[in-house]
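Structure, as structure tokens:
Residue numbers (the UniProt record's numbering): 1 to 266.
Now the structure itself:
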């Protein structure tokens, strides 16, 4: 498709505006994390590393990071197992209601986070009578992290087809042997990409976490929200926000590289 000069200029201008709106605020947060001002005045009166030192020495921040990492790892593992099994079932077998189940699997990622949070809060506390804890957060995160794994795995299964699996079965291999030696090697990059995306999605989730975390559970996003407006805490929050952005970018970048490398090889 060829675009005229005017259309290209308009498209470039719109793209530039969108990038500015997205990334300039992130740049401001980065600069404020080095500001000498405790109230984040702009422009910064000076620059210092004191806030970074205070952030890394904060016991509350370290505990929040550890909690977020634990929740993200467990939710990712659950998502990898369940997402893979569901993908294989929906792609390799034909049964009544398959399309409906596929829609139900994808739906949590499309629902507003506040709806999911309220629904899960009512389910845990009212229906099941389960007190809110770190495990309710893990379950809540797994409900939407499964979608990222499911989308990656089912897309790979659609591209690979069933010829190699059928050949393995014809040669006498059992179901588990075929999965271990044939299916799994074809899914490794898709699983890794889906797992990285699921980890990033869980690590910085706040809305669903707010409704499903108990009083003693503080993830890093909740820690940031609780300390954002406290005196002399704004620069420390900026430091933590910068770290959170970096931690979120790394798995997304790796997942993108893995997906791109796989498409190039093919």
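The beta-carbon is built from N, C-alpha and C at its ideal position, and this holds for glycine as well.
Proximity of residue i and residue j at Cβ, strictly below 7 Å
i	j	result
residue 223	residue 55	no
residue 146	residue 196	no
residue 51	residue 239	yes
residue 75	residue 169	no
residue 206	residue 221	yes
residue 80	residue 149	yes
residue 212	residue 111	no
Three-way DSSP call (helix, strand, coil) for residue i in this model
i	result
residue 211	helix
residue 35	strand
residue 223	helix
residue 47	strand
residue 139	helix
residue 205	coil
residue 176	helix
Cα-Cα separation, residue i to residue j
i	j	result
residue 188	residue 194	10 Å
residue 163	residue 69	39 Å
residue 234	residue 219	18 Å
residue 252	residue 198	9 Å
residue 191	residue 46	46 Å
residue 105	residue 37	47 Å
residue 242	residue 160	39 Å
residue 73	residue 139	12 Å
Bridge partner(s) assigned by DSSP for residue i
i	result
residue 168	Bridge partners of residue 168: none, in fact.
residue 144	DSSP output for residue 144 lists no bridge partner at all.
*Going along the chain, which unbroken runs of the alpha helix (DSSP H) with 4 or more residues stay wholly within the segment 68–130?*
98–110, 113–122
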